[in-house]
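In UniProt numbering, the protein residues as written are 1 to 623. Glycine is no exception: its CB is placed at the ideal position from the N, C-alpha and C atoms.
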């Protein structure tokens, strides 16, 4: 119910002796300068803790204190209050009780907000108190734009009744242009709010599918107005500088969207399919900043070895893994650390994902002959100290990169392989001479991203017989281990997972490995690599995460299926050391969360589409 005591929060706290009058004046002055709520300023200044403040409000105002993550929130009730008003007044409708509504507020003593909410909502309200951080998470979880997208799609479909009547050569205009812009605005805002990495627009026979990749998994929204697909594709082509008359061939382009101060680069790839054209957009938030190597989640043990390799004057270091495993993030983290005034760094990329000061970044353009191999030849004449090649794609590129490493340059690159051991073999399979690989390659780091169990709904999990059989190849002492899994809650959008963490293996070249490569003996090389000091396979590291309750057995099994051909060598001493390092990484991440694991911020987006220059041709940037 509404608080009966109509008095300001600061006066309440002073009356109860929780803060002094002087402290209240200090907080009010800070509030006036920042424009933020008094409760937030009291917590930020260290005058009270959030727990103290919430407990005080609950007791003094006689309202319940709720944990949204454990509450069965009604989406129908949430939608009774528009998102703009909910964020403005820090409120969320939790439940419709029939004749009254239960509304959670971070400051239930805010009488002005209560009056506004009473006028906006169709029923009388009862108030509950909740933490501000939980409200921000709840807004991003509950106010997804699914209904808004469907509404805009229907509006566009009504304006655009017949595709055959539309003149594609002239582009969009008038009301149709406005309707498409609103629909795209809603799609982009929903993707950013959900922290999606990719948006897929896929026309089907009788519908249009809009799918977003969140934490590596696609989430689907089906729109019945299939006839709007061509209008969406056309608008995206215009934004990306693509040929709007060409619908028979794949195209790649680039544009940007600006969402309330956030510049988001959008890499656009189109492909003709049976029902029209499919569009995939990779979202890169330029304003979020790059992760440093310390923030990647790499254990200190591996990080120290990796840094030692980075500061060697020459040699090749490969970062490997499938698409979406974070290879580019690791390389950019390494470049940021190496980016000193005394070193000249040149990168050859397709596409250039992040702009870095002082570094000479070259965008590949195969249409005009600006290929990896051609640029690399010129790069070696530009007196570089460090070269980064976006990907080793063919024999010519691999050989030039290896020779560059042999002639006094540090060469960093990526390769699409399942594990570190198979990377050197892949270079030989591509046609690079074994002696050249042996002389130039210094180390390979393989990585994956696994989903982290949601801490709010984590529960115990015991292995079944089939899982135990699979995992016995890694560790035969798992029978009585209590693992964890996510039950699914409001905080993780019922998935049981929230965020991802990196899993790494590092293989440093030894004399035995180099001798095997010189004579193209890949079998002996693999055996020597598996027995090399300090090498712990990806699957073993992932299982350590599962034993610590960070990820689930299901995530470990998915990773094992990717590297099932890899023979696991148990090295207890090294494994124990890495397990301790992993535990320290988790503690540090909880203390100082990184961009891969932080709670979503309250965006309050404004939206602006910005056309960009046509992007050079490429492969859609699947680095």
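Might you give, ordered along the chain, the residues of its own chain that have their beta carbon closer than 8 Å to the beta carbon of residue 131, omitting 5 neighbours on each side?
-> Closer than 8 Å at the Cβ level, and outside the excluded window around residue 131, lie 50, 54, 106.
From residue 438 to residue 291, what distance separates their C-alpha atoms?
-> Spanning the two alpha carbons is a distance of roughly 31 Å.
Opposite residue 200 in the DSSP bridges: which residues?
-> Residue 200 pairs with 211, 280.
Hey, would you say residue 446 sits closer than 9 Å to residue 323, going by beta carbons?
-> Taking 9 Å as the Cβ cut-off, residue 446 and residue 323 do not qualify as a contacting pair.
Note down, in chain order, each residue of its chain lying with its Cβ closer than 7 Å to the Cβ of residue 474, except the 5 sequence neighbours on either side.
-> Annotation for residue 474: 539, 540, 543, 568 place their beta carbon closer than 7 Å to its own, counting only its chain and skipping 5 residues before and after.
Extent of the continuous beta strand (DSSP E) run through residue 257 | Element bounds for residue 257: 251-259.
Please list, in chain order, all residues of the same chain as residue 307 whose beta carbon is under 8 Å from its beta carbon, the five residues on each side excluded.
-> If we look at residue 307 and ignore the five residues flanking it on each side, its Cβ neighbours are 293, 337.
Close Cβ partners of residue 47 (< 6 Å) along its chain, the five nearest in sequence each way excluded | By the criterion of a C-beta distance shorter than 6 Å, residue 47 is surrounded in its chain by 19, 23, once the five residues flanking it on both sides are discounted.
Where do the ends of the alpha helix (DSSP H) carrying residue 425 lie?
-> Looking at the DSSP string, the run of the alpha helix (DSSP H) that includes residue 425 is 421-429.
Determine the direct distance from the alpha carbon of residue 25 to that of residue 14, and round the result to whole angstroms.
-> About 11 Å.
What are the residues that DSSP puts in a beta bridge with residue 388?
-> In the DSSP secondary-structure assignment, residue 388 is bridged to 347, 412.
Less than 8 Å between the CB atoms is what I'm expecting for residue 120 and residue 81, so what's the real figure, rounded?
-> Contact flag correct, Cβ pair sits at about 6 Å.
Could you tell me which of 98, 90, 95, 233 sits nearest to residue 111, measuring between CA atoms?
-> For residue 111, the nearest C-alpha among the options comes from 90.
Tell me, please, whether the stretch 483-492 touches the stretch 547-554 by the rule of three or more beta-carbon pairs shorter than 8 Å.
-> Output reads yes: the stretch 547-554 touches the stretch 483-492.
Return the first residue and the last residue of the beta strand (DSSP E) that residue 483 is part of.
-> 483-486 is the span of the beta strand (DSSP E), which, as asked, contains residue 483.
Do residue 61 and residue 104 have their CB atoms nearer than 9 Å?
-> No, they are not a contact pair.
Beta-ladder partner(s) of residue 315, from DSSP | The partner list for residue 315 (beta bridge, DSSP) reads 410.
If residue 505 and residue 535 are in contact, beta carbons under 8 Å, what's the gap, nearest whole angstrom?
-> A Cβ-Cβ distance of about 7 Å is found for the pair residue 505 and residue 535, placing them in contact under the 8 Å criterion.
Boundaries (first-last residue) of the alpha helix (DSSP H) holding residue 133 | Run containing residue 133: 132-142, per the alpha helix (DSSP H) assignment.
Is the number of C-beta pairs between the stretch 397-407 and the stretch 276-284 that are closer than 8 Å three or more?
-> With contact defined as three or more Cβ pairs closer than 8 Å, the stretch 397-407 and the stretch 276-284 are not in contact.
For residue 448, write down the residues that DSSP places opposite it in a beta bridge.
-> Note: residue 448 sits in a beta bridge opposite 503.
Bridge partner(s) assigned by DSSP for residue 262 = Checking the DSSP bridge columns, you'll see residue 262 partnered with 259.
Considering only C-alpha positions, which residue in the set 382, 371, 380, 383 is nearest to residue 392?
-> Residue 371 holds the alpha-carbon nearest to the alpha-carbon of residue 392 among 382, 371, 380, 383.
Alpha carbon to alpha carbon, how far is residue 443 from residue 435? Give it in angstroms, no decimals.
-> Looking at the two C-alpha atoms, the distance is approximately 15 Å.
Euclidean distance between Cα positions of residue 618 and residue 9 = In this prediction, residue 618 has a pLDDT of 39, which is less than 50 and means its spatial position is unreliable; what the coordinates show is noted afterwards. Each residue's alpha carbon lies about 58 Å from the other.
Option nearest residue 35 by Cα separation, candidates 77, 229, 88, 510 = Ranking 77, 229, 88, 510 by CA distance to the CA of residue 35 puts 88 first.
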